[in-house]
Amino acid sequence: MSVNVYESSEELAEAAAREFAARADEAIDERGRFAVVLAGGSTPEATYEILARDYADRIDWSNVHVFFGDERSVPPDHEDSNYRMAREALLDHVPVGSVHRMRGELPPDEAAEANEQELRGFFGSEELPRFDLILLGIGGDGHTASLFPETSALEVHDRWVVANPVLKLETTRLTLTVPVINAARAVYFLVAGEGKADALAEILEGDPDPRGYPASLIQPQGGPTWMLDRPAASELP
Ligand code: 6PG
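Just so we're aligned, residue 1187 is where the sequence shown starts under my numbering, counting upward by one.
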C-alpha cells in the first residue's frame, strides 16, 4: 500500500491523470490492451477532464477498454449517472476501444447480470477478471464503489457484479464485488476533501470493522495506492 498526499485536489487530479497514463502505456505494451474501471461520484471528474484535455494524443485510446465500478439505478442520461459524468468529462472526447457501462435503466438484478456477462465475455468466463487499473473513491461513511456499510454485497464472493440494496439511500445500486476489485493489478483510491478525513484515518490507521468501513476490504496484491489531497489527509499522523 502506498499513500501519496497532494497539496490540493487539482494537484491530486493531475497526478492521477499521470498515473492513469503510465498504467495504460504499461498494460498496452505488455498485453495489447488496458482494461480500466472508472470511479463515479464527483472526485474523479477533474482527472477525467485532464485526461481528455491533455492526454488525447498521449494514450493509445483505441486499446483502452472502459468499465465502471458501480452505477446508480438511473438511465444513462440521468444527472446522477456515473456513466453520464464519465461520458461528458472523458468518453465523448477520446476514441476508446470499448465502453461497458452498467445499464442502470434496467431492473437492478437484470443490469448486474448483463454487466457480469459483458465482463465474462471480455475476460473469459472462468477466473476472476484482472483489470489493469481500478479507480475508486470513498464516502464519508467508509463506502467504496457501491459497497456501503452493512449491505449484502459485502459478503458476495461468487458473483462479479451485484445489485446492492442500500436502505439508507432508499435505492438499489449496482457494484463490482470485493473479489473482483481485489483481483485487479492496481487499485487507486482518489480521495479529496475534509469530509473524508475521519473515514480515511479509521481505514488507514484504525482497526475498522469492515462491515462498517467497506473500503478496508479492498486489499489487492501489493495493497491499494491512496492518492489524497491535504484536507482528506488531515487526520493522518
Ligand atoms: C458513487 C461512487 C462512490 C464515490 C464516493 C465518493 O457512485 O457515488 O462510486 O463510491 O466514489 O461516494 O464520492 P465523491 O467523489 O462524490 O465524494
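For each residue, glycine too, the CB sits at the ideal point set by N, CA and C.
- Sequence-distant Cβ neighbours of N1350 in its own chain, meaning closer than 6 Å and more than five residues away, are S1332, T1337, A1339, R1359, T1361.
- Counting only runs of at least 3 residues, the region 1305-1343 fully encloses the following beta strand (DSSP E) elements, listed from N- to C-terminal order: 1319-1322.
- For A1349, the enclosing beta strand (DSSP E) stretches over residues 1347-1352.
- Contact between G1290 and V1260 holds, with the beta-carbon distance rounding to 5 Å and staying under 8 Å.
- When the beta-carbon positions are compared, A1210 and D1278 stay at least 9 Å from each other.
- Put simply, of F1308, L1292, Y1374 the residue whose alpha carbon is nearest the alpha carbon of A1208 is Y1374.
- For L1414, the pairing in a beta bridge is given by DSSP as V1191, V1377.
- The nearest non-hydrogen atom of the ligand 6PG is less than 8 Å from the C-beta of S1228.
- Distances between the C-beta of K1382 and the heavy atoms of the ligand 6PG include at least one below 8 Å.
- Here the distance from the Cβ of A1275 to the nearest heavy atom of the ligand 6PG is not below 8 Å.
- Relative to the ligand 6PG, even the nearest heavy atom lies 8 Å or more away from the CB of T1358.
- Each residue's CA atom was taken as its position, placing A1383 and I1389 some 10 Å apart.
- Comparing alpha carbon positions, the residue from H1264, S1248, R1258 closest to F1220 is S1248.
- For the region 1190-1275, the continuous alpha helix (DSSP H) assignments of 4+ residues that do not extend past its boundaries occur at 1195-1217, 1231-1240, 1268-1272, in sequence order.
- Taking all protein chains in view, the Cβ of P1423 is surrounded by fewer than 16 other Cβ atoms within 10 Å, so the residue is classified as exposed.
- A distance criterion of 8 Å places the beta-carbon of H1264 beyond contact range of the ligand 6PG, judged by its closest non-hydrogen atom.
- If you check the CB distance, T1233 and L1322 do not come in under 9 Å.
- It is roughly 21 Å from the alpha-carbon of D1415 to the alpha-carbon of A1272.
- Contact check for H1286 and F1253: beta-carbon distance about 5 Å, within the 8 Å limit, so the pair qualifies.
- E1313 and W1346 do not touch by the CB rule: their CB atoms are close to 11 Å apart, not below 8 Å.
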